[in-house]
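Here is the structure we will look at, set down as structure tokens.
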Ligand SMILES: NC(=O)c1ccc[n+]([C@@H]2O[C@H](COP(=O)([O-])OP(=O)(O)OC[C@H]3O[C@@H](n4cnc5c(N)ncnc54)[C@H](O)[C@@H]3O)[C@@H](O)[C@H]2O)c1
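Residue numbers (the working numbering): 1 to 256.
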């Protein structure tokens, strides 16, 4: 039985994780914590799942690694600088007696738990070097507090790395005048456009353009339930990962 603790347990994602864990035969929902609650009930859990907020997640990470707890983090906002900070926190969480990397707790940060979204990112990475232009449109419900989404930032980073490895330069763009924001945010050299619209859940299009052709890779999460199979894979698989910080579900899906 894997004992699971949930941080952000009263939220949209955290409450669904609670239900999902309760209905899995090999998992036990051992602790549920939301803002303002004491975290001590998480001690003794095998895995802590964090779906809180970008503002609070690093404090939770610090507390969990300080307590030697294994974490799966779904909270968004882990761009490059934040991942660097998280890496430092995890490294500092190695037991005081043993400062070697092997003594670090396991922390898995997953920008998107949807298997379809992971595949979308992978396909975008594969396609990126064959096209001159690549831009991203991410579309989410109006209650989302951060933009651009963690998934789009990660997709942009993957596209940028694939293009850099292939020696592909920046995409053509003749824009010389623009209203601020008209061309979106630029993440690792890739333009990312964020839509916030009531009625949406989580959606993303990667648009690639070349010589007389375009390729659009689109993924739609139509229900938060789409994230749960990935959460279960992460909770069951995090103990098999190397110590320290791992980003993305790809390794556990055999896609790394
Ligand atoms: N990785 C993914 O696949 C994925 C999927 C959906 C949402 N998300 C992200 O997960 C996060 C949560 O999303 P949501 O829709 O459930 O939000 P939500 O606002 O419905 O829930 C967040 C919950 O966390 C609680 N909380 C906030 N700070 C806390 C803290 N420091 N400690 C404990 N609890 C705290 C809040 O009170 C709330 O109950 C967001 O960052 C969102 O972008 C990630």
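Glycine included, C-beta positions come from ideal geometry on N, C-alpha and C.
To the nearest angstrom, how far is it from the Cα of residue i to the Cα of residue j?
{"i": "residue 163", "j": "residue 126", "result": "10 Å"}
{"i": "residue 122", "j": "residue 21", "result": "28 Å"}
{"i": "residue 232", "j": "residue 247", "result": "16 Å"}
{"i": "residue 229", "j": "residue 25", "result": "14 Å"}
{"i": "residue 115", "j": "residue 227", "result": "8 Å"}
{"i": "residue 213", "j": "residue 132", "result": "11 Å"}
Taking 7 Å as the cut-off, is the CB of residue i close to at least one heavy atom of ligand 1?
{"i": "residue 33", "result": "yes"}
{"i": "residue 121", "result": "no"}
{"i": "residue 144", "result": "yes"}
{"i": "residue 76", "result": "yes"}
{"i": "residue 152", "result": "no"}
{"i": "residue 196", "result": "no"}
{"i": "residue 108", "result": "no"}
{"i": "residue 3", "result": "no"}
{"i": "residue 23", "result": "no"}
Check whether the Cβ atoms of residue i and residue j lie closer than 8 Å to each other.
{"i": "residue 75", "j": "residue 51", "result": "yes"}
{"i": "residue 120", "j": "residue 206", "result": "yes"}
{"i": "residue 27", "j": "residue 49", "result": "no"}
{"i": "residue 66", "j": "residue 93", "result": "yes"}
{"i": "residue 190", "j": "residue 159", "result": "yes"}
{"i": "residue 10", "j": "residue 34", "result": "yes"}
{"i": "residue 2", "j": "residue 47", "result": "yes"}
Continuous beta strand (DSSP E) assignments of at least 3 residues falling wholly in the region 167-213:
185-187, 190-196 and 202-209
Go through the region 2-47 residue by residue and report every complete run of the alpha helix (DSSP H) that reaches 4 residues or more, in order.
12-22
Whole beta strand (DSSP E) runs in the region 67-98 with 3 or more residues, listed along the chain?
71-73
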